[in-house]
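One structure below.
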Amino acid sequence: MDRSYFVVALFVVSLCHSIGALSKDFFVVVSGGQSDWDVTEQDYPYYPDGSTSGGKLDKKDSILKFSFGIWINENFGIDLGYVDLGETKYSIVSDGSAGLYDAGTLRFSTDVDGVLLGLNVRAPVTEWVSIRAKLGVFRWDAVAERSVPQSGRIYTASAQDDGNDPFYGIGFAADISPALSFRVDLERYEVDGTTADVTFAGFEFNF
């Protein structure tokens with residue numbers, strides 16, 4: 025987390041504490057699920073020397089999200105959280121016949137996680153079921169890695185990037201008790217022009 029987001033985190037915690045002195049409607053959400061990235065083989069560039077075949081792209085991964093926040097009133101709340109959007113992988117096999125690559129597998133991957141700050145909306149449908157919507161800012165960190173067989177060894181390289189992009193979603197919550205709800209959320213995260221559609225299922229703890 026960089027310094028600017030640390031300051032934002034302190035602001036949110038202070039705001040939650042101030043409002044909480046009046047309402048006490050804190051909540052914590054712990055969810056797991058799956059990400060599906062809008063990527064193709066062309067997003068993992070390499071020099072095609074004619075020796076490669078059998079490219080395999082894996083753009084889905086298991087993910088985790090944790091957030092805490094406060095309901096300002098019956099319908100609106102704010103939260104701060106962390107989400108690991110998982111990893112995308114691409115691999116392709118070279119038979120070594122062209123001379124650029126040795127016989128072996130070229131591997132590429134990108135891993136994304138980050139901090140989110142969101143506005144939450146809830147609209148009751150029944151006494152124990154409510155529709156949820158969310159909109160916010162995602163401060164992401166991405167690490168790209170590659171390993172290539174060349175000249176009798178495996179060459180590895182990595183690069184890192186970060187930025188701020190929007191995220192939004194919709195879902196529902198079903199109350200199990202006054203202190204516990206089961207949630208399902210569908211969210212979309214923008215990361216430097218690439219999107220990740222994610223499905224979360226988890227629990228909301230209310231205090």
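Numbering of the sequence shown is given in this note's numbering, commencing with residue 25 and proceeding in unit increments.
For every residue, glycine included, the Cβ atom is placed at its ideal position computed from N, Cα and C.
None of the values given here were measured: they were computed from a predicted structure.
- If you look at A122, you'll find it isn't in any beta strand (DSSP E); DSSP assigns it neither H nor E.
- Beta-bridge annotation (DSSP): Q58 is paired with S86, T223.
- Distance between L104 and V63, taken at the CA atoms: about 27 Å.
- Between G138 and F100, the CB-CB gap reaches or exceeds 8 Å.
- Rounded to whole angstroms, K89 and A147 show a C-alpha spacing of 22 Å.
- Counting C-beta atoms within 10 angstroms of its own C-beta, F132 has 16 or more neighbours from the protein chains shown and is therefore classed as buried.
- Going by beta carbons, S91 and G110 fall outside the 8 Å limit.
- In the three-state DSSP reduction, D108 falls in the strand class (E or B).
- The beta-carbon separation of F227 and F206, rounded to 6 Å, stays under the 8 Å limit for a contact.
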